[in-house]
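S.K.: Please read through the structure below; I'll follow up with questions.
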Amino acid sequence: MRDHNERVVLSLLRQHGSLAKTAIARMTGLSAQTSSIIMRMLEADELLSREEPLRGRIGQPLIPMSLNPEGAFFLGLKIGRRSADLVLIDFLGQIRSMLHVPYDYPAPEPIFRFAKEGIAQMMRGLTKKQRDRISGIGIAAPFELWKWADTVGAPQEIMDQWRGCDIRARVTALCPFPVYLQNDMTAACGAELVFGQTKDVNDFVYFYIGSFIGGGIVINGSLYAGRSGNAGALGSMPVPGPGGAARQLIDIASITALERVVTELGRDPSPLWASPEDWGVMGAELEDWIDTAGKAIAQAVVASSSVVDFEAAIIDGWMPVSVRACIVEAVRKHVETFDLEGIELPAILEGTVGIHARALGAASLPLSDRFLLGQKIFRKVD
């Protein structure tokens with residue numbers, strides 16, 4: 001019961017920023033005494049910090065409490081089709097350190113070497129007290145990586161090395177704390193849930209546009225991963241392609257589709273992967289891709305909304321903020337062209353985490369398991 005009540009308090013503070021004990025008691029239904037005891041214990045554990053008293057009221061001044069950034073630390077490893085990232089975040093989700101390595105395709109040994117060297121480097125930059133407060137490392141990786149050889153242009157024999165590779169066990173051998181594993185797109189969805197500015201939205205379908213588009217589902221404020229951990233595999237959703245033939249969303253709305261066009265035009269596509277904040281000057285090919293991707297995502301939004309009555313559809317990705325905004329506008333435009341009878345259309349919103357959603361989502365796995373309410377949607381190795 002104590003653990004549950006502590007999670008309730010920590011989850012509320014993460015959502016609201018800072019709250020006084022009286023507000024915590026009112027919002028949780030806990031007695032004032034119980035609320036006070038819980039917050040004193042969390043403060044003693046250095047998970048909470050006192051803020052300046054709120055004066056100007058009759059009686060004792062209220063003392064808001066907030067999460068202590070130094071209360072806990074978390075590592076996140078993102079294994080992507082084009083790059084890997086290692087991130088260290090504090091209890092507020094602020095990035096303390098980040099390492100990035102690009103590659104043409106993901107090969108196991110270089111990635112595990114990157115993880116080993118990166119974890120050691122980050123540990124050296126922390127005090128002993130900070131190192132002792134690391135609560136775990138999360139891994140965000142596409143499931144069944146060996147099936148992506150043709151799509152990422154990798155030798156099949158290299159990608160076959162992922163078959164039978166126990167990613168969790170390999171990373172567990174590199175560090176002394178718990179290790180968690182989740183599908184990369186589900187993890188990105190989790191980052192929006194835990195760190196995003198859309199905390200008032202309890203039910204949403206989430207799209208992340210990376211090398212390949214994918215997504216996740218949040219229901220009743222909890223990340224839903226499904227029986228196999230692959231719920232929200234939106235990239236596999238059938239949508240109309242050019243000429244009306246059915247295609248998978250992943251074939252139309254992924255950045256690799258834009259890369260193919262740029263390459264065919266004889267231009268260098270590397271900025272799409274190396275400079276997600278700024279793709280440089282692009283012309284009609286970008287506008288065409290935005291419109292085509294927006295139409296396909298709109299179809300996926302409508303189809304998803306016919307199954308679950310989502311409050312919102314949230315769209316984020318490995319791309320400049322201006323491009324993300326254009327895609328969201330394209331989706332809003334195209335959803336109006338569908339027959340919406342019997343469907344309550346969700347609000348279509350931009351994601352608020354951005355390009356590092358997958359890495360931050362990985363780091364959110366140990367945070368959620370140890371300190372927050374919600375469905376446990378990952379597997380852990382101690």
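Numbering-wise, UniProt numbering puts 351 at position 351 of the sequence shown, and it's gapless, one number per residue.
Glycine included, every Cβ here is placed at the ideal spot set by N, Cα and C.
Short of 6 Å in beta carbon distance, which residues of its chain neighbour Ala107, apart from the five on each side in sequence? Order them along the chain.
M.R.: Position 107 of the sequence shown, counted from the first residue, corresponds to residue 107. Cβ within range, chain order: Ile158.
S.K.: What are the uninterrupted segments assigned as alpha helix (DSSP H) that are 4 or more residues long and contained completely in the segment 206–287, given in chain order?
M.R.: Entirely contained in the segment 206–287, the alpha helix (DSSP H) runs reaching 4 residues are, in chain order, 249–252, 255–264 and 271–274.
S.K.: With a CB to CB cut of under 6 Å and the five nearest residues on each side skipped, what residues in its chain are close to Gly138?
M.R.: Numbered from 1 along the sequence shown, position 138 holds the residue referred to as residue 138. Same-chain partners within the cutoff: Gly76, Tyr180, Ala362, Ala363, Leu365 and Pro366.
S.K.: Helix, strand or coil, according to DSSP, for Pro102 in the structure here?
M.R.: Mapped onto the sequence shown, residue 102 falls at position 102. Strand, per DSSP.
S.K.: I need the DSSP call for Leu145, collapsed to helix, strand or coil.
M.R.: As a first step, residue 145 is located in the sequence shown; it is residue number 145 there, counting from the start. Leu145: helix per DSSP, three-state reduction.
S.K.: Residues bridged to Phe112 by DSSP?
M.R.: Working through the sequence shown from its first residue, we reach residue 112 at position 112. BP columns for Phe112 are empty, so no partner.
S.K.: CA-CA distance, Ile255 and Phe212?
M.R.: Position 255 of the sequence shown, counted from the first residue, corresponds to residue 255. Position 212 of the sequence shown, counted from the first residue, corresponds to residue 212. Between Ile255 and Phe212, the C-alpha separation is close to 6 Å.
S.K.: Which of helix, strand or coil does DSSP assign to Leu10?
M.R.: To locate residue 10, count along the sequence shown from 1; it is residue 10. Helix, per DSSP.
S.K.: Tell me, to the nearest whole angstrom, how far the beta carbon of Leu372 is from that of Arg7; I am working on the premise that it is less than 8 Å.
M.R.: For the purposes of this step, residue 372 is taken as the residue at position 372 of the sequence shown. For the purposes of this step, residue 7 is taken as the residue at position 7 of the sequence shown. Right, the Cβ-Cβ distance comes to about 6 Å (below 8 Å), so this counts as a contact.
S.K.: Mind checking Lys147: buried by the 16 CB within 10 Å criterion, or exposed?
M.R.: In the sequence shown, counting from the first residue as 1, residue 147 sits at position 147. Exposed, by the Cβ-count rule.
S.K.: How would you call His334, buried or exposed, if buried means at least 16 neighbouring beta carbons within 10 angstroms?
M.R.: Here residue 334 refers to the residue found at position 334 when the sequence shown is read from its first residue. Per the 10 Å Cβ criterion, buried.
S.K.: When burial is assigned at 16 or more other CB atoms within 10 Å of the CB, is Leu13 buried or exposed?
M.R.: For this step, residue 13 is matched to residue 13 along the sequence shown. Looking at its Cβ environment, which holds 16 or more other Cβ atoms inside 10 Å, Leu13 is buried.
S.K.: Could you give the C-beta distance for Val281 and Pro346, rounded to a whole number, given that I count them as a contact under 8 Å?
M.R.: Start at 1 with the first residue of the sequence shown, and residue 281 comes out as number 281. Start at 1 with the first residue of the sequence shown, and residue 346 comes out as number 346. The Cβ separation is near 34 Å, so there is no contact.
S.K.: Note down, in chain order, each residue of its chain lying with its Cβ closer than 6 Å to the Cβ of Val194, except the 5 sequence neighbours on either side.
M.R.: As a first step, residue 194 is located in the sequence shown; it is residue number 194 there, counting from the start. Cβ within range, chain order: Ser364.
S.K.: Does DSSP classify Phe378 as helix, strand or coil?
M.R.: Walking along the sequence shown from the start, residue 378 turns up at place 378. Below a pLDDT of 50, predicted positions are generally treated as unreliable, and Phe378, at 39, falls in that range; no measurement from the model is reported.
S.K.: Applying the 10 Å Cβ sphere with the 16-neighbour rule, what's the burial state of Ser368?
M.R.: Indexing the sequence shown from 1 puts residue 368 at position 368. Burial call: buried.
S.K.: Candidates Ser306, Gly354 and Glu277: which alpha carbon is nearest Phe338's?
M.R.: Mapped onto the sequence shown, residue 338 falls at position 338. Nearest option by C-alpha distance: Ser306.
S.K.: With burial defined as no fewer than 16 other Cβ atoms inside 10 Å of the residue's Cβ, what is the status of Ser11: buried or exposed?
M.R.: As a first step, residue 11 is located in the sequence shown; it is residue number 11 there, counting from the start. Buried: at least 16 other Cβ atoms inside 10 Å.
S.K.: Is Phe91 helix, strand or coil by DSSP?
M.R.: Position 91 of the sequence shown, counting from 1, holds the residue named residue 91. The answer is coil: DSSP assigns Phe91 none of H, G, I, E or B.
S.K.: DSSP three-state call for Pro366: helix, strand or coil?
M.R.: Here residue 366 refers to the residue found at position 366 when the sequence shown is read from its first residue. It is helical.
S.K.: For Arg26, count neighbouring Cβ atoms within 10 angstroms of its own Cβ and tell me buried if that reaches 16, exposed if not.
M.R.: If you number the sequence shown from 1, residue 26 lands on position 26. Looking at its Cβ environment, which holds fewer than 16 other Cβ atoms inside 10 Å, Arg26 is exposed.
S.K.: Could you have a look at Ala330 and say whether DSSP puts it in helix, strand or coil?
M.R.: The count along the sequence shown starts at 1 and reaches residue 330 at position 330. Looking at Ala330 - three-state DSSP - the assignment turns out to be helix.
S.K.: Which residue comes first and which comes last in the alpha helix (DSSP H) that contains Val194?
M.R.: Start at 1 with the first residue of the sequence shown, and residue 194 comes out as number 194. From DSSP, the alpha helix (DSSP H) with Val194 extends over Asp184 to Phe195.
S.K.: Taking a contact to mean a Cβ-Cβ separation below 8 Å, would you say Ala312 touches Phe204 in this structure?
M.R.: Here residue 312 refers to the residue found at position 312 of the sequence shown. Here residue 204 refers to the residue found at position 204 of the sequence shown. Yes, Cβ-Cβ distance for Ala312 and Phe204 is below 8 Å.
S.K.: With the cut-off set at 8 Å, would you say Val90 and Glu109 are in Cβ contact?
M.R.: Position 90 of the sequence shown holds residue 90. Position 109 of the sequence shown holds residue 109. The identity of residue 90 in the sequence shown is Asp, whereas the question assumes Val. Taking 8 Å as the Cβ cut-off, Asp90 and Glu109 do not qualify as a contacting pair.
S.K.: With H, G and I counted as helix, E and B as strand and the rest as coil, what does DSSP make of Arg96?
M.R.: As a first step, residue 96 must be located in the sequence shown, where it is residue number 96. Arg96: strand per DSSP, three-state reduction.
S.K.: Quick check on the burial criterion: 16 or more other C-beta atoms within 10 angstroms. Buried or exposed for Asn220?
M.R.: Start at 1 with the first residue of the sequence shown, and residue 220 comes out as number 220. With fewer than 16 Cβ atoms within 10 Å of its Cβ, Asn220 is classed as exposed.
S.K.: I need the DSSP call for Ala347, collapsed to helix, strand or coil.
M.R.: The residue labelled residue 347 in the question sits at position 347 within the sequence shown. Note: Ala347 maps to strand in three-state DSSP.
S.K.: Determine which residues share a DSSP beta bridge with Ala357 and list them.
M.R.: Looking up residue 357 in the sequence shown gives position 357. For Ala357, which the question treats as bridged, DSSP gives no partner whatsoever.
S.K.: Quick check on the burial criterion: 16 or more other C-beta atoms within 10 angstroms. Buried or exposed for Glu52?
M.R.: On the sequence shown, residue 52 is found 52 positions in, with the first residue counted as 1. Classification for Glu52: exposed.
S.K.: Take the Cβ of Leu272 as the centre, count every other Cβ of all protein chains shown within 10 Å, and call the residue buried at 16 or more, exposed below.
M.R.: The residue labelled residue 272 in the question sits at position 272 within the sequence shown. Counting Cβ neighbours within 10 Å, Leu272 comes out buried, since at least 16 surround it.
S.K.: Quick one: what's got a C-beta closer than 6 Å to Ala32's C-beta in the same chain, skipping five residues either side?
M.R.: Your numbering for residue 32 matches position 32 in the sequence shown. Contacts found: Ala25.
S.K.: Quick one: what's got a C-beta closer than 8 Å to Ile119's C-beta in the same chain, skipping five residues either side?
M.R.: Start at 1 with the first residue of the sequence shown, and residue 119 comes out as number 119. Result list for Ile119: Leu75, Leu86, Ile137, Leu174 and Cys175, in chain order.
S.K.: How about Glu192 and Ile314: do their beta carbons lie closer than 8 Å?
M.R.: Position 192 of the sequence shown, counted from the start, is the residue given in the question as residue 192. Position 314 of the sequence shown, counted from the start, is the residue given in the question as residue 314. Yes; because the gap between Cβ atoms is below 8 Å, this pair is in contact.
S.K.: Based on DSSP bridge pairs, tell me the residues matched to Ile158.
M.R.: Position 158 of the sequence shown, counted from the start, is the residue given in the question as residue 158. Its beta-bridge partners do not exist; DSSP assigns none.
S.K.: For a quick check, are the C-beta atoms of Met65 and Met41 less than 8 Å apart?
M.R.: The residue labelled residue 65 in the question sits at position 65 within the sequence shown. The residue labelled residue 41 in the question sits at position 41 within the sequence shown. Contact flag unset, no.
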